[in-house]
Amino acid sequence: MQLKFLRCSDVEERTGYSRSTIYNRIAEGLLPEPVKIGIRASAWPDFEINAINAALVAGKSDEEIRALVARLVAARKTMA
-14 MQLKFLRCSD
-4 VEERTGYSRS
6 TIYNRIAEGL
16 LPEPVKIGIR
26 ASAWPDFEIN
36 AINAALVAGK
46 SDEEIRALVA
56 RLVAARKTMA
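In the numbering used here, the protein residues as written are -14 to 65.
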């Protein structure tokens, strides 16, 4: 799998959320926190945003999306 990273503007485009909504959803556990890709740069793995968008399209509840986010974040530790 080729890993691609999305910067905040890319996530805005893919989700339709504003920057403030993205960070509000992170605080609510509905989006994962970005990963550091440099000293002053953060981004999201594209497959995480794709998975969350798919869950939204499938009509998953906020609780189901929170569980998905928790699984995605936990899986980061096993990627290396």
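Quick reminder that beta carbons are idealized off the backbone N, C-alpha and C, glycines included.
Given the structure is predicted, the values throughout are model-derived calculations rather than measurements.
On the DSSP letters alone, give me the boundaries of the beta strand (DSSP E) that residue i sits inside.
| i | result |
| --- | --- |
| A28 | 26 to 30 |
| K21 | 20 to 23 |
Taking the alpha helix (DSSP H) that residue i belongs to, which residues open and close that run?
| i | result |
| --- | --- |
| R51 | 47 to 61 |
| A12 | 4 to 12 |
Return helix, strand or coil for residue i, following the three-state DSSP convention.
| i | result |
| --- | --- |
| L(-9) | strand |
| L41 | helix |
| A36 | helix |
Compute the beta-carbon to beta-carbon distance between residue i and residue j, rounded to the nearest angstrom, for a pair I have assumed lies under 8 angstroms.
| i | j | result |
| --- | --- | --- |
| G14 | V54 | 6 angstroms |
| A28 | L(-9) | 6 angstroms |
| I11 | V(-4) | Actually they are not in contact, since the Cβ atoms of I11 and V(-4) sit about 10 angstroms apart, beyond 8 angstroms. |
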